[in-house]
Amino acid sequence: MREEDLDWTVYHRIPETGGTTVEDLVAATGFEPGAVTASIERLEYRLLVRRSGETVRLLSIQESLIECQCRHTREDLPFVIENGVIRAKRREE
1313 MREEDLDWTV
1323 YHRIPETGGT
1333 TVEDLVAATG
1343 FEPGAVTASI
1353 ERLEYRLLVR
1363 RSGETVRLLS
1373 IQESLIECQC
1383 RHTREDLPFV
1393 IENGVIRAKR
1403 REE
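Okay, so the sequence shown: first residue is 1313 according to this note's numbering, each after it adds one.
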């Protein structure tokens, strides 16, 4: 199976509200744990999901856009996002 197809399947098994675990995704998809974990890593890199501990959840469009903007304009932004907290940059940052 192509990575894109695997990612599509995993993505659509994550509930729109709340989150799920890797174990639940493995059970729901029938794929190997390593394949599901790799898929989640790709989805996270592409700013489609967020992993927090064992839980994986979908990012909203707004969250995805903010994360994308932050990723590509870090030096220009007057704020930083750390562990989901937005705070103003200090002058030495």
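Quick reminder that beta carbons are idealized off the backbone N, C-alpha and C, glycines included. Please read all numbers here as calculations on a predicted model, not as lab measurements.
Through-space distance from residue j to residue i, alpha-carbon basis
i, j, result
"C1382", "G1396", "12 Å"
"I1378", "M1313", "32 Å"
"S1376", "L1360", "7 Å"
"R1362", "E1316", "18 Å"
"V1322", "A1339", "11 Å"
"A1400", "D1388", "12 Å"
Of the listed residues the options, nearest to residue i (C-alpha basis)
i, options, result
"E1366", "D1336, Y1323, E1328 and W1320", "D1336"
"G1331", "S1351, D1319, V1368 and I1393", "V1368"
The beta strand (DSSP E) enclosing residue i, as first and last residue numbers
i, result
"E1335", "Unbroken run through E1335 is the alpha helix (DSSP H), V1334 to T1341; no beta strand (DSSP E)."
6 Å Cβ shell around residue i - same chain, five flanking residues per side excluded
i, result
"R1354", "D1319"
Same chain, Cβ closer than 8 Å to residue i, neighbours up to 5 away in sequence not counted
i, result
"P1390", "A1400 and K1401"
"I1352", "V1322, V1334, L1337, V1361, R1363 and V1368"
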